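Enquirer: FYI, in my numbering the residues of the sequence shown are 1412 to 1572.
Note that CB positions come from ideal geometry on N, CA and C, so glycine has one too.
On a predicted model such as this, the values are computed, not experimentally measured, just so you know.
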Amino acid sequence: MRPANNRVRLTRSELWVEQAKLYARRSTCPRAHVGCVIVRNKRAIAAGYNGAPPGLPHCEDVGCDQPMEWSTRGVMEGGPVWQPSQGCRRAVHAEANAIAHAARFGISIVGGVLYCTHEPCMPCSQLLVSAGIAGVYWAEDYKRNSGQELLRQAGVELIGL
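#1: By the three-class DSSP mapping on this structure, what secondary structure does Tyr1434 have?
#2: Measuring only the C-alpha atoms, how far is His1512 from Leu1433?
#3: Assuming Ile1456 and Ile1518 make a contact with CB atoms under 8 Å, what is their CB distance in whole Å?
#4: Within the same chain, show all residues whose beta-carbon is closer than 7 Å to that of Tyr1460, passing over the 5 residues directly before and after it, in chain order.
#5: Should the region 1539 to 1550 be regarded as contacting the region 1468 to 1477, the criterion being three or more beta carbon pairs within less than 8 Å?
#6: Return the chain-ordered list of same chain residues with a C-beta closer than 6 Å to the C-beta of Leu1422, the five sequence neighbours on each side being excluded.
#7: Would the beta-carbon of Gly1498 fall within 8 Å of that of Gly1522?
#8: To the nearest whole angstrom, what separates the beta carbons of Tyr1553 and Val1448, a pair I think is in contact under 8 Å?
#9: I'd like to check one pair, Val1428 with Gly1462: are the Cβ atoms closer than 8 Å?
#10: Should Lys1453 be listed as close to the ligand HEM, given that the test is whether its C-beta is under 7 Å from any heavy atom?
#11: Which residues does DSSP list as the beta-bridge partners of Ala1455?
#12: I need the DSSP call for His1444, collapsed to helix, strand or coil.
#13: Could you pull the start and end residues of the alpha helix (DSSP H) that Val1473 belongs to?
#14: Would a C-beta distance cut-off of 8 Å place Cys1532 and Gly1566 closer than the cut-off?
#15: Mind checking whether Arg1451 and Ile1520 have CB atoms under 8 Å apart?
#16: Looking at C-alpha atoms only, which residue of Arg1555, Glu1471, Arg1454 is the closest neighbour of Gln1430?
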């Protein structure tokens, strides 16, 4: 029976994804606003968003620290050019921050489920497998789904919401 106010109760998955979206609003790298929550036994036990490590300047304050690379993108003639890469070295990804948050406070995330605004990249997928995460739910696909195959091979449950 529907409540008198016609309110539809969120599922637990919807709740955790909404929490991840709130954490994403704390992101300090303009390249992407990503947030995540790690849940175990129906309780949020760790969370993270992308930004600089604690105590260090944020991308939004001093810019992204981008490594340089040789690139042929957009070059009409004259060969490759030395230009900033597409990545940011200043910001720590949301998933890595959540794992670090749990580690800092001695919280085991083995068997936990990650709810994230974005599909994890390959390096974050490697961390999630190594940390013992059992499931990954995400709201938006990543530009490359390179981490999915690794997560599948490791037996991690994958659900794109």
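Expert: Put simply:
#1: If DSSP states are grouped into helix, strand and coil, Tyr1434 belongs with the helices.
#2: 17 Å
#3: Your pair Ile1456 and Ile1518 checks out as a contact, with CB atoms roughly 5 Å apart and the cut at 8 Å.
#4: Tyr1434, Ala1435, Arg1437, Ser1438, Val1445, Gly1446, Ala1505, Asn1508
#5: no
#6: Per the sequence shown, residue 1422 should be read as Thr rather than Leu. Around Thr1422: no qualifying Cβ.
#7: no
#8: Not confirmed; about 18 Å, so no contact.
#9: no
#10: In the structure shown, the ligand HEM is absent, as is every other ligand, since no ligand is present at all.
#11: Val1450
#12: coil
#13: 1470 to 1473
#14: Not closer than 8 Å, so no.
#15: yes
#16: Arg1454
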